[in-house]
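Colleague:
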Amino acid sequence: MAIHLLSLLAIALYLAAAGGLARPLLGGGQPLNKSALGLAGMAVLIHAGILLGIHRGSVDLHFFAALSLVACVVSALTLVVNVTRPVAALGVIVFPLTALLLGADAYLAPATAPLTMGWQIKLHVTVALLAFSVLSIAAVLAILLAIQDRTLRHKQFGTWLRALPPLTLTETLMFRLIGTGFALLTLTLLTGALFVGDLFGQHLIHKTVLSIVAWLVFGALLFGRWRYGWRGRRAVNLTLTGMAVLLLAFFGTKAVLELILHRTA
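Just so you know, we're using my numbering here: the sequence shown kicks off at 967 and counts up by one.
#1: Residues in its own chain within less than 7 Å of Ala1215 by CB, not counting five upstream and five downstream?
#2: Which runs of the alpha helix (DSSP H) fall wholly inside the region 1010-1095 and span at least 4 residues, in chain order?
#3: If you scan the region 1165-1207 from start to end, which runs of the alpha helix (DSSP H) of 4 or more residues do you find wholly inside it?
#4: Give the straight-line distance between the Cα atoms of Asp1026 and Arg1119, rounded to the nearest whole angstrom.
#5: Are three or more beta carbon pairs between the region 1047-1056 and the region 1064-1081 nearer than 8 Å?
#6: Determine the direct distance from the alpha carbon of Leu975 to that of Gly1167, and round the result to whole angstroms.
#7: Mind checking Arg989: buried by the 16 CB within 10 Å criterion, or exposed?
#8: Identify whether Asn1131 lies in helix, strand or coil by the three-state DSSP scheme.
#9: Let me confirm a value: Ala982 is counted as buried when at least 16 other C-beta atoms fall within 10 Å, else exposed. Which label applies?
#10: Just how far apart, CA to CA, sit Val1053 and Met1083?
#11: Can you find the residues in the same chain that come closer than 6 Å, C-beta to C-beta, to Ala934, ignoring five residues on each side of it along the sequence?
#12: Could you pull out every residue in the same chain whose Cβ sits closer than 7 Å to the Cβ of Phe1098, ignoring the five residues on either side in sequence?
#13: Hey, out of His1013, Leu1095 and Trp1192, whose CA is closest to Ala968's CA?
#14: Given Thr1154, which residues of its chain have a CB within under 8 Å of its CB, disregarding the five upstream and five downstream residues?
#15: Throw me the rounded Cβ distance for the Thr1205 and Ile1144 pair, which I believe falls under 8 Å.
#16: When the Cα atoms are used, what is the spatial distance from Leu1188 to Ala1112?
#17: Cα separation between Lys1000 and Leu1056?
#18: So, at 6 Å on beta carbons, what are the nonlocal neighbours of Val1202 in its own chain, with the 5 sequence-adjacent residues on each side left out?
#19: If you draw a straight line from the C-alpha of Ser1041 to the C-alpha of Gly1195, how long is it?
#20: Count the other CB atoms, across all protein chains shown, that sit within 10 Å of the CB of Leu1081; report buried if there are 16 or more and exposed otherwise.
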């Protein structure tokens, strides 16, 4: 019961934070960024405590638990990004989605127990989690870039558009995150090759192949940016393509196994 009440509180805080960040984007009111980010910070701390409580102090990688964990990390990284490069619209998208995934894990998901993992696999999982989270934020920024670009092309200058950061700032931040995420994804593949023993027996072959495809997409994008100055629609499309493949790699097989075949072990 306490977990359910804390989950409700965290969800309310996430939604309140998103509302505070959305205020200048939608109605042109005074920005509430500091207050909103403070609420989001409390939500992330409560969310982390809930994950530890629900999943017995360990990392649970079952479908809904993993989604909630990723959402918590993405929200925490969103706070870090906003401290260094204020992008309020990032929280407007991330925080409500995190609230939704937390609610699904707390109220809808069946009870699961974390699997036993050695330190090698824990290291691999931690790096993979960070890689996915960083690249997720880059994908959200790509969506914002696409919206800004389309709006500017059609000369639709609303209040919300003026509240967004300049295209160049958003694009620069996106590529920095992609560079960091690519490095982490490279480390993920290396630790997986070193520490994961049976790809077929552990149903990891599809995940591995798709992760390599995503690595190639992001690698091509970074090379194109460095060598040919790729930007704009091409950069957005490749970022979203790479993220879609990575999403399938991380959660596609897991969804089939757990939600369709009902294999939770």
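Every residue, glycine too, gets a C-beta built ideally from N, C-alpha and C. Predicted model, so just to flag it, every value in this text is computed and none were measured.
Modeller: Walking through what the data contain:
#1: Lys1173, Leu1176, Ser1177 and Ala1180
#2: 1029-1050 and 1054-1069
#3: 1171-1194
#4: 45 Å
#5: no
#6: With a pLDDT of 44 at Gly1167, under the threshold of 50, the modelled position of this residue cannot be trusted, and the question is left open.
#7: buried
#8: Sequence inspection shows Pro at residue 1131; the Asn mentioned does not correspond to that position. Three-state DSSP puts Pro1131 in coil, outside helix and strand.
#9: Label assigned to Ala982: buried.
#10: 37 Å
#11: Beyond the ends of the chain as shown, which are 967 and 1231, falls residue 934; an answer cannot be given.
#12: Val1036, Leu1212 and Phe1216
#13: His1013
#14: His1090, Val1093, Ala1094, Ala1097 and Ser1177
#15: Rounded, the Cβ-Cβ distance is 7 Å, consistent with contact.
#16: 18 Å
#17: Cα to Cα, Lys1000 sits roughly 14 Å from Leu1056.
#18: Ala1108, Leu1111 and Ala1112
#19: 30 Å
#20: exposed
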